[in-house]
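S.K.: Here UniProt numbering is used: the first residue of the sequence shown is 1, the next is one more, and so on. Built from N, CA and C at the ideal position, the CB exists for glycine as well. These numbers were taken from a predicted model, which means no experiment stands behind them.
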Amino acid sequence: MQGLYANPGGGLRPVHPPGSAGRTLLSDRSVELWRDPVRFVSAGVEQHGARAFLTRLLLRPTVVLADNRAVRHLLRDRETFQCGLRDMFMPLLGENLVFMEGGRADSIRASLHSLFSSETATNYQAITERVTRHWLEQLDSDRPVDLYAAFKQLSMELNLAVFLGLERRERGADVAAVTDIATTHWHGLYALPVSVSVPFTTSSSYKQAMDAKEQLLTLADQMLRDDAQSAFIESLKLAVEDPETRRNHLLLCASAMVPKALASLLTSAIVASPQWKERYVSDDGDISDDDLTCVLLEVQRLYPPFFGGRRLVTRDAQVGEYLVSRGQAVVYGTAAAHRDPAVFPNADTFDPERWRTSNKNDQDKLFCFGGGPRACIGQKMYQHILKVACRMFISEFDWHLPATWRPTWKHLPVSRPTNLPSLVLSRRSEAEQWQDATS
Numbered sequence: 001m002q003g004l005y006a007n008p009g010g011g012l013r014p015v016h017p018p019g020s021a022g023r024t025l026l027s028d029r030s031v032e033l034w035r036d037p038v039r040f041v042s043a044g045v046e047q048h049g050a051r052a053f054l055t056r057l058l059l060r061p062t063v064v065l066a067d068n069r070a071v072r073h074l075l076r077d078r079e080t081f082q083c084g085l086r087d088m089f090m091p092l093l094g095e096n097l098v099f100m101e102g103g104r105a106d107s108i109r110a111s112l113h114s115l116f117s118s119e120t121a122t123n124y125q126a127i128t129e130r131v132t133r134h135w136l137e138q139l140d141s142d143r144p145v146d147l148y149a150a151f152k153q154l155s156m157e158l159n160l161a162v163f164l165g166l167e168r169r170e171r172g173a174d175v176a177a178v179t180d181i182a183t184t185h186w187h188g189l190y191a192l193p194v195s196v197s198v199p200f201t202t203s204s205s206y207k208q209a210m211d212a213k214e215q216l217l218t219l220a221d222q223m224l225r226d227d228a229q230s231a232f233i234e235s236l237k238l239a240v241e242d243p244e245t246r247r248n249h250l251l252l253c254a255s256a257m258v259p260k261a262l263a264s265l266l267t268s269a270i271v272a273s274p275q276w277k278e279r280y281v282s283d284d285g286d287i288s289d290d291d292l293t294c295v296l297l298e299v300q301r302l303y304p305p306f307f308g309g310r311r312l313v314t315r316d317a318q319v320g321e322y323l324v325s326r327g328q329a330v331v332y333g334t335a336a337a338h339r340d341p342a343v344f345p346n347a348d349t350f351d352p353e354r355w356r357t358s359n360k361n362d363q364d365k366l367f368c369f370g371g372g373p374r375a376c377i378g379q380k381m382y383q384h385i386l387k388v389a390c391r392m393f394i395s396e397f398d399w400h401l402p403a404t405w406r407p408t409w410k411h412l413p414v415s416r417p418t419n420l421p422s423l424v425l426s427r428r429s430e431a432e433q434w435q436d437a438t439s
C-alpha cells in the first residue's frame, strides 16, 4: 500500500470509504451529481456519516471526497492521481496545462510562469481599471439590473482586453463577435456529460462548440501571426517556442471559462453583501484592502465557482484516512471541503474575520483555483483582477437586497443564484450631489 503520507502508530487506521459502486450501468449516479453536485455530496456525507464515500460516476467506481485534508493531499500527489477530465474536455480546450502531466507540464508551467506572476498582475491593473470604468459608466442606475448578466459581460470584456488586447470602447463589434463564439464554445462543455454517459451519441451543443473552438483557434492563429495587439500575446510568443502550445493556451485564455468563474465570484459577493457591506464599507464607498481581502476569501470559501475536480487513481494509495484502489476515480467537492468543520469553525457561517483569527494561515485550504503542482497558474492575476473590479464596483454603487430574499443555487457549469432579484443601483456620486443640494 502506497500512502500519501505516513500514518505512524497512534493515528487513525486507514479504512475503505463507506458506500458501494454497484456492478451495472444502473448503479451509475452521474445524472444525480449533474443535477445538483453540492447536494449530492452533502447527502452522501450525511448518509454515510463520513466525509468520503464510494459510488459510481461516469461508469467508474468513484470515491467522493469532502474532507479538506484529504483533498489537499489528493491535489499534491500528481504521481498517484492523474487528471480525470482529460478525455472529456481536452477535445474542446486543446492540450494545455489543465491536462498535461509529468515533465512536460513542469516545462510549460516554468515557461508560462512569468506571464501570470504577482508582479505581472499589477502590470494589467491599468487595463482592468479602464475596462471596469467603462463598464460602470454604461450600467443603468435608473432601472433594475440583472447583475449576473452584467458581471458576465464585464468579466468577458476584462478577459478579452487583458489576453487579446480587445476593448469594447474601441472595438465593440470584435468584442461582441468573440463573446458570442466563446459562449457557444462554453455551452458545449456543459453538454459533455450527455455525450459521455450515452455511448455513440453527441449533443448538438457539443458539435456547435467544436465549430466554435475552430473559430477561436483561427482567431488565435491570426493574433499570434500579426503584430501583437496585447502585451500578453507578445510575452506568450517570447516565452513559448512551440506554435501548437501557444495557440492552445491562447485558446484557453480566450474561452469563457475564466470569465464565468470571475462573474460567479462577483455575483456571490453581492449575494453575501448583507453580511459584510454595512460592517466594512463606509458611506462614501471605501473599503480597506485588508477587509476586502478577507471578504473575498470568505466568498471563495462558501461560494466557489466550480464544483470540484476529478482524478484517476494509478496505484493503490491512502488519501487522508481512506484507502483508494488503482482504477478508481476520485471526485472532490470544493464547496464541501471548504465547509469541513475540522478546518473551518462554524463552517456554514459567512465570517470574513476568520481570515484574521482561526484561519489566518489557511489560504492553502481553499481550492477555488485547485491546489498543489496542478493549481491554476493564473490565480494571482485573477485574484488581483477580482479585487480591482470589486473595489471599483463598491466605490461606484450602493445597493440593497430584499430583506426576505434567500438565494437558490445552480452549481453547474458554474455556481450562481437562479433567483437573484434585479437590483436598482444607486450611484454614490449622485447621492452625494443630492445631499449637498438639500443640506
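Is there contact here, the stretch 269 to 285 with the stretch 159 to 167, by at least three beta-carbon pairs under 8 Å?
M.R.: no
S.K.: Bridge partners for residue 409 per DSSP, in chain order?
M.R.: 417
S.K.: For the stretch 79 to 129, which segments carrying the beta strand (DSSP E) assignment without a break, of at least 3 residues, lie completely within its bounds, in sequence order?
M.R.: 81 to 83
S.K.: Give me the residue from 51, 254, 301 with the minimum Cα distance to residue 157.
M.R.: 254
S.K.: Please classify residue 176 as buried or exposed, where buried requires at least 16 other C-beta atoms within 10 Å of its C-beta.
M.R.: Exposed, by the Cβ-count rule.
S.K.: Could you give the first and the last residue of the continuous alpha helix (DSSP H) run that contains residue 232?
M.R.: 231 to 239
S.K.: Please tell me whether residue 263 and residue 152 are closer than 8 Å, where the distance is taken between their beta carbons.
M.R.: yes
S.K.: According to DSSP, simplified to helix, strand and coil, what is residue 329?
M.R.: In the structure shown, residue 329 adopts extended strand secondary structure according to DSSP, grouped into three states.
S.K.: So what's residue 366 in DSSP terms, helix, strand or just coil?
M.R.: coil
S.K.: What are the partner residues of residue 61, as DSSP defines its beta bridges?
M.R.: 56
S.K.: For residue 256, which of 180, 204, 58 has the nearest alpha-carbon?
M.R.: 180
S.K.: For the stretch 334 to 348 and the stretch 90 to 97, state whether three or more C-beta atom pairs, one from each stretch, are separated by less than 8 Å.
M.R.: no
S.K.: Secondary structure at residue 289, three-state DSSP: helix, strand or coil?
M.R.: helix
S.K.: If you compare alpha carbons, which of 418, 389, 382, 328 is closest to residue 65?
M.R.: 328
S.K.: Go ahead and label residue 67 buried or exposed: buried means 16 or more other beta carbons lie within 10 angstroms of its beta carbon, across all protein chains shown.
M.R.: buried
S.K.: Going by other Cβ atoms of all chains shown within 10 Å of its Cβ, with 16 needed for buried, is residue 17 buried or exposed?
M.R.: By the 10 Å Cβ count, residue 17 comes out buried.
S.K.: Taking the alpha carbon of residue 286 as the point to measure from, which residue in 428, 13, 38, 20 has its own alpha carbon closest?
M.R.: 428
S.K.: How long is the line joining the alpha carbons of residue 395 and residue 15, rounded to whole angstroms?
M.R.: 52 Å
S.K.: Return helix, strand or coil for residue 312, following the three-state DSSP convention.
M.R.: strand
S.K.: Among all the DSSP beta bridges, which residues are the ones paired with residue 372?
M.R.: Residue 372 pairs with nothing; no bridge assigned.
S.K.: Nearest to residue 53 by alpha carbon, out of 315, 305, 215, 332?
M.R.: 332
S.K.: Can you tell me whether DSSP reads residue 426 as helix, strand or coil?
M.R.: strand
S.K.: Give a yes or no on contact between the stretch 17 to 31 and the stretch 41 to 56, applying the rule of three or more CB pairs nearer than 8 Å.
M.R.: yes
S.K.: Leaving out the 5 sequence neighbours to the left and right, which residues in its chain are closer than 8 Å to residue 267 when beta-carbon positions are compared?
M.R.: 147, 148, 151, 416, 417, 420
S.K.: Once you ignore the five residues that flank residue 401 on each side, which residues in its own chain have a CB closer than 8 Å to its CB?
M.R.: 270, 271, 273, 274, 421, 423
S.K.: Out of 135, 139, 117, 22, which has the shortest C-alpha to C-alpha gap to residue 440?
M.R.: The structure shown does not extend to residue 440, since the chain is modelled only from 1 to 439, so the question has no answer here.
S.K.: Per the DSSP calculation, residue 145 is bridged to which residue(s)?
M.R.: 423
S.K.: Find the nearest neighbour of residue 79 within the set 315, 376, 340, 406, judged by alpha-carbon distance.
M.R.: 315
S.K.: Going by CA-CA distance only, name the one from 407, 390, 366, 398 that's closest to residue 73.
M.R.: 366
S.K.: Between which two residues does the alpha helix (DSSP H) holding residue 38 run?
M.R.: 37 to 48
S.K.: Helix, strand or coil: how does DSSP classify residue 15 here?
M.R.: Annotated three-state conformation of residue 15 is strand, per DSSP.
S.K.: Apply the 10 Å Cβ neighbour rule to residue 200 and answer buried if 16 or more other Cβ atoms are within range, or exposed otherwise.
M.R.: Residue placement at residue 200 is poorly supported in this model, since its pLDDT is 41, which falls under 50; the coordinates are not used for a value here.
S.K.: How about residue 239 and residue 114: do their beta carbons lie closer than 8 Å?
M.R.: yes
S.K.: Exposed or buried, what is residue 354 when buried is set at 16 or more other beta-carbons lying within 10 Å of its beta-carbon?
M.R.: Around the CB of residue 354, 16 or more other CB atoms lie within 10 Å, so the residue is classed as buried.
S.K.: Here's a check: name, in chain order, each residue in its chain whose Cβ is nearer than 6 Å to the Cβ of residue 38, leaving out the five neighbours to either side.
M.R.: 335, 411
S.K.: Whose C-beta lies closer than 8 Å to the C-beta of residue 186 among residues of the same chain, with five residues either side of it excluded?
M.R.: 209, 255, 256, 257, 260, 413
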